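See structure below.
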């Protein structure tokens, strides 16, 4: 039982660290990338790697806290539901943003190699 | 320019730090509780010592909002209702035109995700509203969460989608009025029982008072409902959800019709 708890804590902490690293990478990308679509990509890195994985890590750690009694199963349940919802909603939201901006021709694709959807927006 | 920005940034940080240092005693709540707050905290769930003053609800905010000062909340709800009626009166000409053409809406990805998450939004709102007497939240908050659904549907599908599907402002207004009627009936329920039984009772009475010994049941089959609080919360949830939905539909439909006329 103790070894299983140790493994859960280690995996959970690793996921939390991964989330922190991804959040920093996402913030740097959000600040440095050249155009709207690349910055949107960086923001999505922050929502999936930076919040879904840490949520699952927190769920794994919460299972091992024996002081919570039976409630230690409620916490991971709620966390995993939240993670699944974020996993569904974040890509749909960024997809809607990118599609809307591209169709409304608000942001140019720059620098650009090819834009098959709307060649006029390239460059 | 850079130097000015740095100076502004540093002085802002220092000013906030100074404010926090000076206002620390007021920012951090002290351990002393004022006598009024102490009374409410003792009375909110207390069936032994303060049997004649308790609201039988572990959530002190809901107990104060719907029991100790319930009349205030009733008038707040009516003010919101009147504001809604005024908004409907403002857009009445536009709403009578039946919207026939449905727009394209967003892409199939967004529409599918919306279809999946729509029941979840309602479930979260209902949970907040129905547990209002146990946990932070309540009817208004739960209703507001439910009202997010028509907003999302309007943005994702189209402004006239709800009206075409039969969710018209008239039907929502009926729901809203039924909710308000329910709130009113709950407020006078104990009073009516008192009249029938020839016993003294108050309007907005929840639990028994020293000179009025009638009280609502505070639990049903072992589940705590805190007397009138549960009924107030559920009716308020329906009323607020319908009210915000009417406002969203009216505003978005009016805006769409206006822009389509302009073209």
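Protein chains in written order, with this note's numbering: chain A, 1 to 123; chain B, 1001 to 1263.
For glycine and all other residues, C-beta sits at the position ideal for the given N, C-alpha and C.
Fair warning: this is a prediction, and the values are worked out from it, not measured in the lab.
Residue 1209 of chain B carries a strand assignment under DSSP once its states are collapsed to helix, strand and coil.
Taken atom to atom, the span from the alpha-carbon of residue 1165 of chain B to that of residue 1145 of chain B is near 21 Å. Three or more Cβ pairs closer than 8 Å define a contact, and the region 19-28 of chain A meets that threshold against the region 41-58 of chain A.
Considering only beta carbons, the part of the region 88-115 of chain A lying closer than 7 Å to chain B consists of 88, 89, 92, 95, 96, 99, in chain order. For residue 1016 of chain B, the secondary structure class from DSSP, reduced to helix, strand or coil, is helix.
Around the beta carbon of residue 1216 of chain B, a 10 Å sphere encloses 16 or more other beta carbons of the protein chains shown; the residue is thus reported as buried. As the crow flies, the alpha-carbon of residue 1206 of chain B is around 18 Å from that of residue 1198 of chain B. One alpha carbon belongs to residue 1232 of chain B, the other to residue 1046 of chain B, and they sit about 21 Å apart.
CA-CA distance, residue 1174 of chain B to residue 1229 of chain B, rounds to 23 Å. Among the CB atoms of chain A, none fall inside 9 Å of the CB of residue 1033 of chain B. Around the C-beta of residue 1180 of chain B, 16 or more other C-beta atoms lie within 10 Å, and the residue is accordingly described as buried. For residue 109 of chain A, the three-state secondary structure derived from DSSP is strand. Contacts with chain A (Cβ-Cβ distance below 7 Å) from the region 1106-1118 of chain B involve 1106, 1107, 1109, 1110, 1113, 1116, 1117, listed in chain order.
For residue 1118 of chain B, the closest of A/85, A/111, A/29 by C-alpha to C-alpha distance is A/85.
Your pair residue 1130 of chain B and residue 1058 of chain B does not check out as a contact, with CB atoms roughly 15 Å apart and the cut at 8 Å.
Contact of residue 61 of chain A with chain B is not assigned, every C-beta pair being separated by 9 Å or more. One alpha carbon belongs to residue 1029 of chain B, the other to residue 1037 of chain B, and they sit about 13 Å apart.
In summary, residue 1066 of chain B is buried, with 16 or more beta-carbon neighbours lying within 10 Å of its beta-carbon over all protein chains present. If you look at residue 1171 of chain B, you'll find it in the alpha helix (DSSP H) that goes 1169-1197. For residue 85 of chain A, the closest Cβ of chain B is nearer than 9 Å. With respect to chain A, the C-beta atom of residue 1145 of chain B has no partner C-beta closer than 9 Å. Around residue 29 of chain A, the same chain offers 42 as residues with beta carbons nearer than 6 Å, after the five sequence neighbours per side are excluded. By the CB criterion at 9 Å, residue 1209 of chain B and residue 1052 of chain B fall inside the cutoff. For residue 1042 of chain B, the enclosing alpha helix (DSSP H) starts and ends at 1035-1043. Using a 10 angstroms sphere on the CB of residue 1112 of chain B, the tally of other CB atoms stays under 16, which defines it as exposed.
Annotation: residue 120 of chain A to residue 114 of chain A spans about 10 Å, alpha carbon to alpha carbon. Residue 57 of chain A sits close to residue 18 of chain A, with the two beta carbons spaced by under 9 Å. Taking residue 1072 of chain B as reference, the option from B/1137, B/1187, B/1227 with the minimal CA-CA separation is B/1187. Annotation: residue 117 of chain A to residue 109 of chain A spans about 11 Å, alpha carbon to alpha carbon. Contact of residue 1216 of chain B with chain A is not assigned, every C-beta pair being separated by 9 Å or more. With respect to residue 1091 of chain B, residue 1251 of chain B sits close: the two C-beta atoms are nearer than 9 Å. Residues of chain A with a Cβ closer than 8 Å to the Cβ of residue 1120 of chain B are, in chain order, 85. At least 9 Å separates the CB of residue 1175 of chain B from every CB of chain A. Our two residues, residue 1075 of chain B and residue 1082 of chain B, have alpha carbons roughly 10 Å apart in a direct line. Looking only at B/1064, B/1088, B/1153, the smallest Cα-Cα distance to residue 1115 of chain B is reached by B/1153.
An exposed status is given to residue 67 of chain A, since fewer than 16 other beta-carbon atoms sit within 10 Å of its beta-carbon.
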